[in-house]
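Working notes, structure below.
In my numbering, the protein residues as written are 164 to 453.
Below, the structure written as structure tokens:
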């Protein structure tokens with residue numbers, strides 16, 4: 164189980180400058196604030212923002228937006244939905260708490276804040292982790308400590324980014340859970356991963372069902388077309404030809420066409436079968452012999 168530690172709140176994870184009553188709380192103009200383009204959360208529901216805007220019109224912004232000095236104004240660390248709602252509600256100024264921190268710390272805090280609210284979908288979370296690892300030379304152990312998760316939880320989250328883009332999109336949209344996605348990763352072939360993901364979504368398969376299907380895909384069995392049912396007349400013809408020719412005969416149906424296979428051993432038997440086929444006439448086929 165991952166050690167989330169989310170009960171501590173942001174105030175336990177970032178400097179004391181955001182404690183209630185701190186002198187850094189101030190009001191600034193809405194248009195002086197800009198969102199962070201590297202914000203981990205990329206999917207913000209416009210409908211939810213509109214609902215929040217209705218509340219803001221009535222009672223204002225009750226929780227200060229956390230920002231840092233940036234260019235000639237401020238950049239959001241946490242609280243982008245509140246800022247959007249305030250703009251939508253027509254507010255000119257909003258309460259903020261200002262932290263004098265750099266870009267790395269800003270991204271860390273934005274990620275932590277969203278994790279605490281459980282606002283990130285699994286792909287957003289994984290991309291946030293990857294950005295911290297790649298842009299800021301963090302190890303997975305350091306990252307796990309920063310976000311109060313186990314190292315294995317961070318590793319499992321990052322593995323989702325090994326999925327094909329199409330499958331990542333399904334996880335991002337909520338059509339696939341992280342459990343489904345990790346199961347799909349057990350299939351080695353990328354094209355099969357896409358096909359399995361589409362099948363899971365189309366048929367509404369559970370994670371357990373997906374695990375069973377993934378084993379079939381990994382073994383290549385799920386790609387095999389079901390064997391066609393042999394028509395009754397094929398069996399009758401094969402039986403009659405075996406009697407007439409005195410050798411093994413199989414009548415088969417493939418996806419494209421049917422075929423008759425006649426066994427023979429050596430040239431003499433081949434010549435005997437040839438004479439039987441060209442000199443004699445086989446009796447009419449009767450389904451009564453089935």
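Where is the CB? At the ideal position from N, CA and C, for every residue including glycine. Note that the structure is a prediction, hence the values are computed from the model and not measured.
Quick one: what's residue i bridged to in DSSP?
i           : result
residue 228 : 259
residue 335 : Partner(s): none; residue 335 has no beta bridge.
residue 189 : 259
residue 341 : None; residue 341 has no bridge partner.
residue 312 : Bridge partners of residue 312: none, in fact.
residue 245 : Per DSSP, none; premise fails for residue 245.
residue 196 : 237
Does the separation of the CB atoms of residue i and residue j fall below 8 Å?
i           : j           : result
residue 236 : residue 197 : yes
residue 424 : residue 412 : yes
residue 273 : residue 199 : yes
residue 346 : residue 330 : no
residue 219 : residue 252 : yes
residue 284 : residue 335 : yes
residue 373 : residue 343 : yes
residue 414 : residue 427 : no
residue 339 : residue 363 : yes
residue 359 : residue 341 : no
Please name the residue, chosen from the options, that lies closest to residue i on a Cα-to-Cα basis.
i           : options            : result
residue 268 : 289, 244, 284, 296 : 296
residue 375 : 364, 365, 349, 201 : 349
residue 312 : 275, 379, 351, 425 : 275
residue 395 : 288, 221, 416      : 416
residue 365 : 353, 333, 211, 346 : 333
residue 258 : 397, 239, 342, 264 : 239
residue 286 : 400, 352, 337      : 337
residue 212 : 188, 225, 228, 250 : 250
residue 156 : 373, 356, 190      : Here the chain has residues from 164 to 453 only, and residue 156 is not among them.
residue 290 : 328, 260, 209, 265 : 328
residue 440 : 403, 420, 299, 226 : 403
residue 230 : 221, 209, 195, 216 : 195
residue 271 : 227, 379, 310      : 310
residue 420 : 216, 265, 393, 442 : 393
residue 298 : 442, 201, 429      : 201
Just verifying my parser: in three-state terms, what is the DSSP assignment at residue i?
i           : result
residue 238 : strand
residue 291 : helix
residue 421 : strand
residue 201 : coil
residue 212 : helix
residue 317 : helix
residue 264 : coil
residue 330 : helix
residue 416 : strand
residue 363 : helix
residue 269 : helix
residue 429 : helix
residue 408 : helix
residue 442 : helix
residue 219 : helix
residue 346 : helix
residue 375 : helix
residue 325 : helix
residue 251 : helix
residue 306 : helix
residue 396 : helix
residue 285 : helix
residue 352 : coil
residue 274 : helix
Between residue i and chain C, is the shortest Cβ-Cβ distance under 8 Å, so that the two count as touching?
i           : result
residue 355 : Among the chains in the structure shown there is no chain C, since it carries only a single protein chain.
Check: On the three-pair Cβ rule with 8 Å, is the stretch 223–238 touching the stretch 315–335?
Finding: no
Notebook entry, point to check: Can we say the stretch 406–414 touches the stretch 425–437, given the rule of at least three CB pairs closer than 8 Å?
Noted result: yes
Next item on the list: Would you check if the stretch 283–295 and the stretch 243–255 touch, i.e. whether three or more CB-CB distances between them fall below 8 Å?
Entry: no
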